[in-house]
Amino acid sequence: MKKHLICVLSIILILSLLPINAFAAPKVKTGTITGSVSEAQLRLPLPLEGVSVTVEGTDKSVETNRLGRYTLTKVEEGEVVLLFSKEGYEDIRKTVNLRANRINNVYVTMDKNSSPMVEIIGQVKAKYEVKDVLATIIRIYPDSVPMILELIIPANTPLRDIVISGLLMLDAEKVIDEIDSDILDSVLNNFNPQDLINLIPDLPEEIKQLLRKIVPGSITNEMPLPGTIITVRDGSRVIKVTIADKNGSYKLNIPENCDVEYLLYGFETQSLNALDITDTTYLLTAGGTVRGTVTGEDNEPLEGTEVTVVSAEGKPSGITDAQGNYVITGVKRLLPGFGGGFGGHTVSFDKEDYITARATALFAFGQARADKKLELAPPFGDLDVLVKPKNYFDWISRGGITVKIFENEKVLYSKKLTALDIEDLLSGGSMAKYSLRDLPIGVYRVEFKDNPMCQSSCRTD
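My numbering applies: residue 1002 is where the sequence shown begins, and numbers increase by one.
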């Protein structure tokens, strides 16, 4: 019994001397997985938000953020399988050989679920009326403002519309009587997309990215519109972006429920559902949309302001709403006397009790904006000047009295009151009256000057 007790105590002593973690489970080595998810088959890959990223066989799962990024921490070392899933997209399984104490990067792209597709093989062309090409020169405008070239072709020559690929940013005024491809190629090579991005700061980011990659194309003797930006949208989401080539041609393979938007500087922005595009040649109309906001001197919105594009064919107009906003569509070419091309239209703002004002709307991608702050017109009143001659008959026979009205020593009005004024304006012929209507309220000086022939006999009150 004594020996048995000694043996038990010896075992307890030995165990107490062992490290505490000698009986703990082996420590699991872990690592981190991070990366991003984007949509496949896009010229401009877009991040996918809300993609579920799961380590299969575990409860570890996260979702991608608005930038498409995700991070999984404390994932066991070894071979793991990641499942990427999102409604409307094909699931993806990715095998990863995870290394402990390391950040393991995994990037994937996801395809949308199979759905009916529409293939569009088409061409974008300009829609010109005959009068739009009856001209003789090409004008290029100054001040670093992007301008579309105004094509002017003699009526008695074969139609030779010149179309230039890309967008133009010019800083020198030139008049070209002969079409010189070397000159125009030089102009294209000086195009700076960043200047256009600065001019239109609210362009969608995907369009800005695309502009930075634009390489101007060539000049042809056809009528296509190369450089047209063709954007495919599913609601507000951009699916695909492409650019018409030097022949104005493009090819798209897109879901049938999407909309196709055509954008080119100097032309109306067009948008059609993919199923509505039945003609492979799609025509863009020169012109665009002008929008803006009209406010008062205290920045309050001015409802009911009549806004007119006075420089455009047909002088399209609109009325501001309760927020002072307006939109005028279908703005066509400039009228004679307002310059040429589609660089800037003159917009007039007219509202009762306010001074009529004008602004310039610069077009880019068929869009222009013209905001205006209107000033209150000064109040108006009537001014009556009464003249009473001392001797009525003497005054009539010798010529009358000259009345002058001054504002700050400047003569505003001058009139000689004669017998006609007396007889027509006042009964009895005892007094002459000179009236000015709608004169701004203010202080004026009135001067009466007798005819030299009747100085002694004429008097004014």
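Idealized CB from N, CA, C, for every residue including glycine.
| Check | Outcome |
| --- | --- |
| Contacts around L1084, its chain only, beta-carbon distance under 6 Å, and the 5 residues preceding and following it disregarded | T1055, E1057, R1094 |
| Limits of the beta strand (DSSP E) - the one that D1260 falls within | 1260-1264 |
| Alpha-carbon to alpha-carbon, G1089 and K1061 | 23 Å |
| Contact set for K1316: own chain, Cβ-Cβ below 7 Å, skip 5 residues either direction | T1309, V1310 |
| Closer than 6 Å: L1253 CB and nearest the ligand NAP heavy atom | Summarising the ligand content, the structure contains no ligands, and the ligand NAP is consequently not present. |
| The region 1404-1420 / the region 1371-1381 touching (three or more Cβ pairs under 8 Å) | no |
| Limits of the beta strand (DSSP E) - the one that V1405 falls within | Checking the displayed sequence, the identity of residue 1405 turns out to be Lys instead of Val. Element bounds for K1405: 1402-1408. |
| Bounding residues of the beta strand (DSSP E) (the contiguous stretch that carries L1084) | 1079-1086 |
| Cβ-based burial, G1320 [other Cβ within 10 Å; buried from 16] | Note that residue 1320 is Ile in the sequence shown, not Gly. The residue in question, I1320, is exposed, as its Cβ has fewer than 16 Cβ neighbours within 10 Å. |
| D1277 - DSSP class collapsed to helix/strand/coil | helix |
| Proximity to V1444 [Cα-Cα], best of T1403, D1383, I1402 | D1383 |
| Spatial neighbours of T1074 in its chain, beta-carbon cut-off 7 Å, leaving aside the 5 residues before and after | T1033 |
| DSSP-derived helix/strand/coil call for A1371 | coil |
| Exposed unless 16 or more other CB atoms sit within 10 angstroms - verdict on P1380 | exposed |
| CA nearest to the CA of N1066, picked from Y1355, E1078, V1076, K1087 | K1087 |
| CA nearest to the CA of A1378, picked from L1440, D1112, V1386, I1231 | L1440 |
| Close Cβ partners of V1082 (< 6 Å) along its chain, the five nearest in sequence each way excluded | E1057, R1094, T1096 |
| Three-state secondary structure (DSSP) of K1028 | coil |
| Own chain partners of R1446 with C-beta closer than 6 Å, once the 5 adjacent residues on each side are dropped | F1407 |
| Alpha-carbon spacing of D1322 relative to S1272, whole angstroms | 25 Å |
| Supposed contact pair R1070 and S1039 - C-beta distance, whole angstroms, cut 8 Å | Contact flag wrong, Cβ pair sits at about 10 Å. |
| Own chain partners of C1259 with C-beta closer than 7 Å, once the 5 adjacent residues on each side are dropped | V1233, R1234, D1235, I1240, A1275 |
| Under the three-state DSSP convention, the category L1384 falls into | strand |
| As assigned by DSSP and simplified to three states, the class of S1312 | coil |
| Residue-level contact to chain C via CB, Q1324, 7 Å cutoff | Of the chains in the structure shown, none is chain C; there is only one protein chain. |
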